[in-house]
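> Starting off with a structure, shown below.
Protein chains: 2
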Amino acid sequence: MSEHNERVGFVGLGIMGAGMAGNLVRKGFDVVVYNRTAARTEPLVADGAEAAATPREVAQRCDVVFICVSDTPDVEHVLFGEDGIAAGIGDGALVVDSSTVSPAATREWAGRLAERGVGFLDAPVSGGSEGAAKGTLSIMVGGDDTHVERARPYLEAMGSTVTHVGVVGAGQTCKLVNQILVVTSMLGVSEALVLAKAGGLDLEKTIAAVKGGAAGSWMLANRGPQVIRDDWRPGFTVDLQQKDLRLVLEAADELGVPALATSTIFHLYRTLQREGLGGEGNHALIKALERLAGVQARQEDANGSAS
Amino acid sequence: MSEHNERVGFVGLGIMGAGMAGNLVRKGFDVVVYNRTAARTEPLVADGAEAAATPREVAQRCDVVFICVSDTPDVEHVLFGEDGIAAGIGDGALVVDSSTVSPAATREWAGRLAERGVGFLDAPVSGGSEGAAKGTLSIMVGGDDTHVERARPYLEAMGSTVTHVGVVGAGQTCKLVNQILVVTSMLGVSEALVLAKAGGLDLEKTIAAVKGGAAGSWMLANRGPQVIRDDWRPGFTVDLQQKDLRLVLEAADELGVPALATSTIFHLYRTLQREGLGGEGNHALIKALERLAGVQARQEDANGSAS
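Just so you know, the protein sequences line up as chains D and V, in that order. For the first sequence, UniProt numbering assigns the number 1 to the initial residue and increments by one for each residue that follows. For the second sequence, UniProt numbering assigns the number 1 to the initial residue and increments by one for each residue that follows.
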């Protein structure tokens, strides 16, 4: 791996970033880390990483710099804010952004960095905190071939599936595609279970009867049983889901395509946030449909008949 | 299997029924078949079945009578029409309906037959013509335990998964749950691929990147690649899908629950039927979204800007 005797920076040690950077350290790369709350660098330093005081310092000391923060303005800040990566990075370096953020902003950042001879990849991930800790993430990469090949050893240290889906921004667009699929699956599971409950079906047996065929999905097999058990612990919270759906709706608008299902789901999740349920798992979507069914049932009582 | 020395009737030898009856014959049961177009009995008779001239005659000669026809009025007709099953069936017999039809009508039929000492099960199937031919259907059964146990040897000859989901009608409701899941999955795949195309992604790589995780579904893995290849051959046609979605919407109305996604999808499929695409596979749903995107794109041209 002589061509990879590079120092690797990692900015953002949240629940995802900490796991990802940990895998880089454990696999023997020279890693320099930064986090706004400095205490979160300590376990990584104990494992052999070095800590830097600012994103700028990370960039000064590294050839490849990963970013994993929350949202578009956060990436903008660690890249171009005071003491940001752009203030310290050298010609020929590479920035890899594993946050889930706007594809349009991503293309703009890549353009600004390219003017200074700095490469850029967007490499958002799916697979949750467990995948980040275990190094089994699915990583969707957008950017130039040469940059992807340069980053591949690091990406493969963090993910079990690394897919180069297109040019800069394509990784983010692919992540949005992923999120459309996740939430429409959950809408289907919700609508199906509401009907099943109302129809008096045994819900466990119903899931068992249908999950192996054309009706099957990851969400049905994994979140369906959680719904039945009234277990709303988050794999991915409603609030984070909404952040990503906002990106889907912005991207759909920019691209001029409709997003019928996602827009409806966005507004359903809004009702859950309004009720203070933003910290529950995204499978709480069914509660929004149950509320609607409840309203309809009361109207029936008032009017005497449903049909 | 001495307790199953019963004669088994099968009414309706369409693409599903022919495969199902064939499995009963091949597994050694005494089978009497009827089909409106008598020629379709011939391959089964060649394999050892006997043919009857009417559903009434099937019922006169059999202890258990299966039905597999197209829609609610068809079941009504073979049960209670002239020369129908009810005109020939004896006290203590059992009728098993494997058509996909209205749960409410199902309960009514079961009640009428019970008054005459005849048992009833609803046992709709999923798995397509291939599953019917191979005996690997998923069968969702509603009715009394004793009837289910009596029918089980025949059901297990036709399906690899036989699930007793509740009382009479519950099998049909479970099949509707299955259909909600199928079409919402396909709506998600459609909305996701429309965005992916508009965003310039490599569609094959996009599916590969997301299908193994929380975004994964049978429809994405199996129909997604068909969409990309412009292959609209039906596993299940738009016209048949619409018949089943009409049943979903009727059941939802009767039960007083909303069906936000399914109602939208029903109207999208309507646009395909209007254009003469009812014979294409249900994955043609994406064409309805593509039409919407096309309209929106032209509006943008006229107005100069999208947002």
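Ideal Cβ positions, reconstructed from N, Cα and C, are used throughout, including at glycine. Owing to the predicted nature of the structure, the values given are computational and were not obtained by experimental measurement.
Spell out whether any CB of chain D is found under 8 Å from the CB atom of V:GLY174.
Counting from one through the second sequence, the residue named residue 174 of chain V turns up at place 174. With the sequence shown as reference, residue 174 of chain V is identified as Cys, and Gly is not the correct amino acid for it. Taking Cβ atoms only, chain D reaches closer than 8 Å to V:CYS174, which makes this a yes.
> Please report whether the beta-carbon of V:GLU191 lies at a distance below 8 Å from any beta-carbon of chain D.
As a first step, residue 191 of chain V must be located in the second sequence, where it is residue number 191. Yes, V:GLU191 lies at the interface with chain D (some Cβ there is under 8 Å from its Cβ).
> Can you tell me whether V:GLU115 is helix, strand or coil according to DSSP?
Here residue 115 of chain V is taken as the residue at index 115 of the second sequence, counted from 1. Residue state, collapsed to three classes: coil.
> What separation, rounded to the nearest whole angstrom, lies between the Cα atoms of D:ARG152 and V:LEU201?
Position 152 of the first sequence holds residue 152 of chain D. Position 201 of the second sequence holds residue 201 of chain V. So the two alpha carbons sit approximately 20 Å from each other.
> Output needed in chain order: residues of the segment 202-218 of chain V with a Cβ under 8 Å from some Cβ in chain D.
If the cut-off is 8 Å between Cβ atoms, the segment 202-218 of chain V has ASP202, LYS205, THR206, ALA208, ALA209, VAL210, GLY212, GLY213, ALA214, ALA215, GLY216, SER217 and TRP218 near chain D.
> One question on the structure: do V:MET186 and V:THR163 come within less than 8 Å of each other, judged by their Cβ atoms?
Within the second sequence, residue 186 of chain V is the residue found at index 186, counting from 1. Within the second sequence, residue 163 of chain V is the residue found at index 163, counting from 1. No, Cβ-Cβ distance for V:MET186 and V:THR163 is not below 8 Å.
> Curious, which full-length beta strand (DSSP E) runs of at least 3 residues does the segment 206-245 of chain D contain?
Here no run is fully enclosed.
> Bridge partners for V:ILE67 per DSSP, in chain order?
The residue given as residue 67 of chain V occupies position 67 in the second sequence. Answer is V:VAL11 and V:ASP97, bridged to V:ILE67.
> Is it buried or exposed for V:ASP47, if we count other Cβ within 10 angstroms and need 16 for buried?
As a position in the second sequence, residue 47 of chain V is number 47, starting the count at 1. By the 10 Å Cβ count, V:ASP47 comes out exposed.
> Name the two residues that bound the continuous alpha helix (DSSP H) containing D:ILE139.
Sequence index remark: in the first sequence, residue 139 of chain D carries index 139 (1-based). Unbroken run through D:ILE139 is the beta strand (DSSP E), 137-142; no alpha helix (DSSP H).
> Closer than 7 Å by beta-carbon distance: list the chain V residues that pair up with D:MET140, in chain order.
Indexing the first sequence from 1 puts residue 140 of chain D at position 140. Going along chain V in sequence order, the residues near D:MET140 (Cβ under 7 Å) are ALA209.
> Buried or exposed for V:ASN35, please, with buried defined as at least 16 other CB atoms from any protein chain shown within 10 angstroms of its CB.
The sequence position of residue 35 of chain V within the second sequence is 35, counting from 1. With 16 or more other Cβ atoms within 10 Å, it is buried.
> Determine, using beta carbons only, whether D:SER99 and D:THR136 come nearer to each other than 8 Å.
Position 99 of the first sequence, counted from the start, is the residue given in the question as residue 99 of chain D. Position 136 of the first sequence, counted from the start, is the residue given in the question as residue 136 of chain D. Cβ atoms of D:SER99 and D:THR136: not closer than 8 Å.
> Is the Cβ-Cβ distance between D:ILE207 and D:LEU220 less than 8 Å?
Against the first sequence, residue 207 of chain D aligns to sequence position 207. Against the first sequence, residue 220 of chain D aligns to sequence position 220. Result yes, Cβ atoms of D:ILE207 and D:LEU220 sit closer than 8 Å.
> What did DSSP end up calling V:VAL168 once you bin it into helix, strand or coil?
For the purposes of this step, residue 168 of chain V is taken as the residue at position 168 of the second sequence. Residue state, collapsed to three classes: coil.
> Going along chain D in order, which residues have a C-beta closer than 7 Å to the C-beta of V:THR262?
Residue numbering aside, residue 262 of chain V sits at position 262 when the second sequence is read from its first letter. Within chain D, the residues near V:THR262 are GLU191.
> With distances taken from CA atoms, which of V:LEU245, V:LEU121 and V:ALA21 is nearest V:ASN178?
For the purposes of this step, residue 178 of chain V is taken as residue 178 along the second sequence, with counting starting at 1. The shortest C-alpha separation from V:ASN178 is found at V:LEU245.
> If we count the other Cβ atoms within 10 Å of its Cβ and call it buried at 16 or more, is D:THR184 buried or exposed?
Mapped onto the first sequence, residue 184 of chain D falls at position 184. It is buried - the Cβ of D:THR184 has at least 16 other Cβ atoms within 10 Å.
> For V:PRO103 and V:GLN172, which I take to be in contact (beta-carbon distance under 8 Å), what is that distance rounded to the nearest angstrom?
Locating residue 103 of chain V in the second sequence gives position 103, counting from the first residue. Locating residue 172 of chain V in the second sequence gives position 172, counting from the first residue. Yes, they are in contact, since the Cβ atoms of V:PRO103 and V:GLN172 sit about 4 Å apart, within 8 Å.
> Which of the residues in the segment 75-107 of chain D, read from start to end, lie with their CB under 8 Å from any CB of chain V?
Answer set for the segment 75-107 of chain D: PRO103.
> Give the C-beta separation of D:GLY235 and D:GLY131 to the nearest angstrom, bearing in mind that I take them to be a contact with Cβ-Cβ under 8 Å.
Counting from 1 along the first sequence, the entry for residue 235 of chain D is found at position 235. Counting from 1 along the first sequence, the entry for residue 131 of chain D is found at position 131. In fact, because the Cβ distance is near 11 Å, the residues do not count as touching under 8 Å.
> With distances taken Cα to Cα, identify the nearest neighbour of V:ALA114 among V:VAL101, V:ASP91, V:VAL125 and V:ALA133.
Counted from its first residue, the second sequence places residue 114 of chain V at position 114. Comparing Cα-Cα distances from V:ALA114 to each of V:VAL101, V:ASP91, V:VAL125 and V:ALA133, the minimum goes to V:ASP91.
> Determine the direct distance from the alpha carbon of V:LEU94 to that of V:THR147, and round the result to whole angstroms.
Along the second sequence, read from residue 1 onward, the residue named residue 147 of chain V stands at position 147. Along the second sequence, read from residue 1 onward, the residue named residue 94 of chain V stands at position 94. Sequence check: residue 147 of chain V is His here, not Thr. V:HIS147 and V:LEU94: Cα-Cα distance of roughly 7 Å.
> Under 8 Å: do the segment 220-229 of chain V and the segment 271-278 of chain V share three or more Cβ pairs, one atom per stretch?
The segment 220-229 of chain V is not in contact with the segment 271-278 of chain V.
> Anything in the segment 121-155 of chain V with a Cβ closer than 7 Å to a Cβ of chain D? List those residues in chain order, please.
Under the 7 Å Cβ criterion, the segment 121-155 of chain V contributes SER126, GLY127, SER138 and MET140.
> Residues of chain V with a CB under 7 Å from the CB of D:SER70: which are they?
Translated into the one-based positions of the first sequence, residue 70 of chain D becomes position 70. Going along chain V, no residue has its Cβ under 7 Å from D:SER70, so there is no contact; the nearest lies around 19 Å.
> Does the Cβ of V:VAL45 have 16 or more other Cβ atoms within 10 Å, making it buried, or fewer, making it exposed?
Stepping through the second sequence from its first residue, residue 45 of chain V is reached at position 45. The residue is exposed, with fewer than 16 neighbouring Cβ atoms inside 10 Å.
> Give the range of the alpha helix (DSSP H) segment to which D:VAL78 is assigned.
Reading the first sequence from its first residue, position 78 is the one you call residue 78 of chain D. Unbroken alpha helix (DSSP H) run through D:VAL78: 72-80.
> Relative to the C-alpha of V:VAL210, which residue among D:GLY213, D:SER217, D:ALA209 and D:GLU204 is closest?
As a first step, residue 210 of chain V must be located in the second sequence, where it is residue number 210. Of the listed residues, the one whose Cα sits closest to V:VAL210 is D:SER217.
> With a cut-off of 8 Å, does the C-beta of D:LEU181 fall near any C-beta of chain V?
Looking up residue 181 of chain D in the first sequence gives position 181. Cβ-Cβ to chain V under 8 Å: yes for D:LEU181.
> Straight-line CA distance for D:ALA52 to D:ASP74?
Indexing the first sequence from 1 puts residue 52 of chain D at position 52. Indexing the first sequence from 1 puts residue 74 of chain D at position 74. About 18 Å.
> Short of 8 Å in beta carbon distance, which residues of its chain neighbour D:GLU167, apart from the five on each side in sequence? Order them along the chain.
As a first step, residue 167 of chain D is located in the first sequence; it is residue number 167 there, counting from the start. The amino acid at residue 167 of chain D is misidentified as Glu; the sequence shows Val. Answer for D:VAL167: GLY142, GLY143 and ASP144, listed in chain order.
> At a cut-off of 7 Å, would you count D:GLN60 as near the ligand SAM, judging by its Cβ distance to the nearest heavy atom?
The ligand SAM is not part of the structure shown, which contains no ligands of any sort.
> V:LEU220 touches chain D at which residues, Cβ-Cβ below 7 Å?
Position 220 of the second sequence, counting from 1, holds the residue named residue 220 of chain V. Near V:LEU220 (Cβ distances below 7 Å), the residues of chain D are LEU181.
> Within 10 Å of its beta-carbon, does D:ARG116 have 16 or more other beta-carbons around it, so buried, or fewer, so exposed?
Position 116 of the first sequence holds residue 116 of chain D. The residue is exposed, with fewer than 16 neighbouring Cβ atoms inside 10 Å.
> Residues of chain D with CB under 7 Å from V:PRO258, in chain order?
Counting from one through the second sequence, the residue named residue 258 of chain V turns up at place 258. LEU289, LEU292, ALA293 and GLN296, listed in chain order.
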